[in-house]
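Peer 1:
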Amino acid sequence: MTKDVFQLTGPDGTTSELPVRKGTIGPDVVEISKLYREQGVFTYDPGYGATGSCESDITYIDGEKGILMYRGYPVEQLAAKSSFIEVSYLLLNGELPTASELEEFDSTIRRHTMLNEGMLNFFKGFRYDAHPMAMLSAVVGSMSAYYHNAMDASNPEHRSIFSHRILAKLPTIAAAAYKLNIGQPFMYPRNDLNYSENLLQMLFSVPAEPYEIDPVAAEALDLLFILHADHEQNCSTSTVRMAGSSGANPYSAIAAGISALWGPAHGGANEAVLNMLTEIGDAKNISKYVDKAKDKNDPFRLMGFGHRVYKNFDPRATIIREMCHKVLAQLGRQDTPMFDLALQLEEVALKDEYFVEKNLYPNVDFYSGIIYRALGIPTSMFTVMFAIGRCVGWTAHWREMITDPNGRISRPRQLYTGPAARDYVAIDKR
Ligand code: CMC
């Protein structure tokens, strides 16, 4: 390999010079777009562990060093000093806002929180026990029916209004799904409250009595949203980009992202962690479950452990563990045994040879569920909370993808392992 070119020699001795592209930081990338033309081969990378799918200037992760930055700002600094609304502006626009830009953005988001009344009718069609992630994905998908003609992806103003609408309305949709589950009346948004306060109000207030928002709960929620806001080309974000690359309505692309997030290997892990801790139940059972996680013949995995990119520690988990202490001290003393059990499980796993050898550490979801639970948010809503935080990342990536001058429809190839050509056999001869 020379400096900016990667030389590859095929079996017949033909050499291809593949350009090496350099990012601002991080590993170089070998561009393989002419490989098939020159060598007649595709690359094979199931799960895309070694594939850069696009160029992006939104988020940077160094999995070895445990670094996560949005637009160059370390997530630790944003978590300590910023707010979710400011981080959302940063992710969408590339720079931190001035005071007046922030005020304008904040007020725009507050003014888009109401749903079209007709959209509330969708909830009447769901069973009372429908999973809120299924309702979230369905109702967000239906937004494409409300905003189809009003959404021309080539129009910057339309892209901007889409971003504001989806960011502002997702908490309202989430809260409506929750209220359906518990049989309480839907609570309208209140634009005098900030993003996290408003969500708490829509989730927990009832028309019959006043509701007091706990500032620690609002602070914890805001922090969790900041930490979940973006994570480069993860499964759900790649899904949004892929669905959007065909030119589909962006609300449908976000609905696809919500579906991808739901799985237990992705955003569904926070729900799975709580179920796992409940099943373990007591510190005396920890070693039994750690053994199960190590057993190749047992499908059980330690939920909230391991990450495709982080191989040292997940910086988000470190920040959330701290917030857990604060939240439990003030709000959820009854959940302290669950937190203690999680701390003990973490300690055992981190010392275990299997987990050390495979670089398996607690990820963002290991502790987030404990905070949600202490805030009174039920387990089935945990992944919905993740979706609310991640929505701005999906939106920023959709905007980047749709305005990329080199953008093409996402269309990978494959290694075909099915039957070779064969002749049709008449039904009476089979
Ligand atoms: N418990 C036990 N073994 C594990 C675990 C775990 N949680 N995670 C990975 N391993 C083992 C795995 O069996 C494999 O072993 P071997 O090399 O012997 O086959 C090795 O570690 C590498 O794992 P992998 O599945 O090839 O790694 P991956 O990058 O494909 O998967 C992961 C990453 C996050 C899906 C996986 O670690 C996992 O399933 N973790 C539990 C679910 C979870 O917490 N997900 C949340 C991820 S963070 C939030 C988000 O992104 O949504």
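Sequential numbering from 1007 applies to the sequence shown in the working numbering.
Idealized CB from N, CA, C, for every residue including glycine.
1) Is residue 1128 near ligand 1, in the sense that its beta carbon is under 7 Å from a heavy atom of that ligand?
2) Please state whether the Cβ-Cβ distance between residue 1313 and residue 1369 is less than 8 Å.
3) Quick one: complete alpha helix (DSSP H) runs, 4+ long, within the segment 1021-1060?
4) Just to confirm before moving on: does the CB-CB distance between residue 1060 and residue 1239 stay below 8 Å?
5) Taking 7 Å as the cut-off, does the CB of residue 1053 come closer than this to any heavy atom belonging to ligand 1?
6) Which runs of the alpha helix (DSSP H) fall wholly inside the segment 1134-1176 and span at least 4 residues, in chain order?
7) In chain order, what residues of the same chain have a beta carbon less than 8 Å from the beta carbon of residue 1021, not counting five sequence neighbours either side?
8) Below 7 Å, is the gap between the Cβ of residue 1281 and the nearest heavy atom of ligand 1?
9) Within this structure, are the beta carbons of residue 1325 and residue 1082 separated by less than 8 Å?
10) Can you give me the start and stop residues for the alpha helix (DSSP H) that residue 1371 sits inside?
11) With a cut-off of 8 Å on the beta carbons, I'd call residue 1152 and residue 1187 a contact; round off their distance for me.
12) Applying the criterion that 16 or more other CB atoms from any shown protein chain within 10 Å of the CB defines a buried residue, is residue 1293 buried or exposed?
13) What residues are listed by DSSP as bridge partners for residue 1075?
14) Is residue 1334 near ligand 1, judged by its Cβ being under 7 Å from some heavy atom?
15) Using only the alpha-carbon positions, how far apart do residue 998 and residue 1223 sit?
16) Between which residues of its own chain and residue 1051 is the CB-CB distance below 6 Å, once the five residues before and five after are set aside?
17) Short check: CB of residue 1139 to CB of residue 1389, under 8 Å?
18) Here's a check: name, in chain order, each residue in its chain whose Cβ is nearer than 7 Å to the Cβ of residue 1334, leaving out the five neighbours to either side.
19) Which two residues bound the contiguous beta strand (DSSP E) that contains residue 1015?
20) Can you give the Cα-Cα distance for residue 1437 and residue 1130, rounded to whole angstroms?
21) Can you check which of these residues, 1028, 1303, 1353 and 1329, is closest to residue 1311 by C-alpha distance?
22) Please tell me whether, using a cut-off of 7 Å, the distance from the CB of residue 1250 to the nearest non-hydrogen atom of ligand 3 is below it.
23) What would DSSP say about residue 1311, mapped onto helix, strand or coil?
24) Any contact between the segment 1037-1051 and the segment 1399-1413? By contact I mean 3 or more CB pairs, one from each, below 8 Å.
25) Please classify residue 1433 as buried or exposed, where buried requires at least 16 other C-beta atoms within 10 Å of its C-beta.
26) Which residue from 1365, 1302, 1267 and 1199 puts its Cα closest to that of residue 1315?
27) Under 8 Å, do residue 1115 and residue 1201 count as touching if we go by C-beta distance?
28) DSSP puts residue 1212 in a beta bridge; with which residues?
29) Quick one: what does DSSP say residue 1228 is sitting in, helix, strand or coil?
30) Between the alpha carbons of residue 1049 and residue 1308, how many angstroms are there, rounded?
31) Which one of 1304, 1431 and 1118 has the shortest CA to CA distance from residue 1196?
32) Roughly how many angstroms lie between the CA atoms of residue 1205 and residue 1199, to the nearest whole one?
33) Which whole-angstrom value describes the C-beta separation of residue 1296 and residue 1358, a residue pair presumed to lie in contact below a C-beta threshold of 8 Å?
34) Residue 1371 to residue 1279, Cα distance in whole Å?
Peer 2: Checking against the coordinates, here is how it stands:
1) Every heavy atom of ligand 1 is 7 Å or more from the Cβ of residue 1128, so no.
2) In this structure, residue 1369 lies closer than 8 Å to residue 1313 by Cβ.
3) Runs found: 1041-1045.
4) Yes, these two residues count as a Cβ contact at 8 Å.
5) Between ligand 1 and the CB of residue 1053, the shortest heavy atom gap is smaller than 7 Å.
6) If one requires a minimum length of 4 residues, the alpha helix (DSSP H) runs lying completely within the segment 1134-1176 are 1138-1152, in chain order.
7) Once the five neighbours on either side are set aside, the close Cβ partners of residue 1021 are 1013, 1014 and 1015.
8) Not under cutoff, so the answer is no.
9) The answer is yes: Cβ separation under 8 Å.
10) Where residue 1371 is concerned, the enclosing alpha helix (DSSP H) stretches over 1370-1380.
11) Here residue 1152 is actually not in contact with residue 1187; their C-beta atoms are around 23 Å apart, not less than 8 Å.
12) With fewer than 16 Cβ atoms within 10 Å of its Cβ, residue 1293 is classed as exposed.
13) DSSP, once it has assigned bridges, lists 1066 and 1080 as partnering residue 1075.
14) No, the beta carbon of residue 1334 sits no closer than 7 Å to any heavy atom of ligand 1.
15) Residue 998 is absent from the structure shown; the chain starts at 1007 and stops at 1436.
16) Hits under 6 Å: 1057.
17) With respect to the 8 Å criterion, residue 1139 and residue 1389 are classified as neighbours on the basis of their beta carbons.
18) Same-chain partners within the cutoff: 1341, 1342, 1345 and 1380.
19) From DSSP, the beta strand (DSSP E) with residue 1015 extends over 1011-1015.
20) Residue 1437 is absent from the model: the chain starts at 1007 and stops at 1436.
21) Just measuring C-alpha positions, the residue of 1028, 1303, 1353 and 1329 sitting nearest residue 1311 is 1353.
22) Summarising the ligand content, the structure contains ligand 1 and does not contain ligand 3.
23) Residue 1311: strand per DSSP, three-state reduction.
24) Two segments are said to touch when three or more pairs of C-beta atoms, one from each, lie closer than 8 Å; by this definition the segment 1037-1051 does not touch the segment 1399-1413.
25) Residue 1433 should be labelled exposed.
26) Comparing Cα-Cα distances from residue 1315 to each of 1365, 1302, 1267 and 1199, the minimum goes to 1365.
27) Less than 8 Å divides the Cβ of residue 1115 from the Cβ of residue 1201.
28) Residue pairing from DSSP places residue 1212 in a beta bridge opposite 1215.
29) Reduced to three states, the DSSP call for residue 1228 is helix.
30) So the alpha carbons of these two residues sit roughly 32 Å apart.
31) Among 1304, 1431 and 1118, the Cα nearest to that of residue 1196 belongs to 1118.
32) Distance between the alpha carbons of residue 1205 and residue 1199 is about 9 Å.
33) For a cut-off of 8 Å, the C-beta gap from residue 1296 to residue 1358 is around 6 Å, short enough to register as a contact.
34) When rounded, the distance between both Cα atoms is 7 Å.
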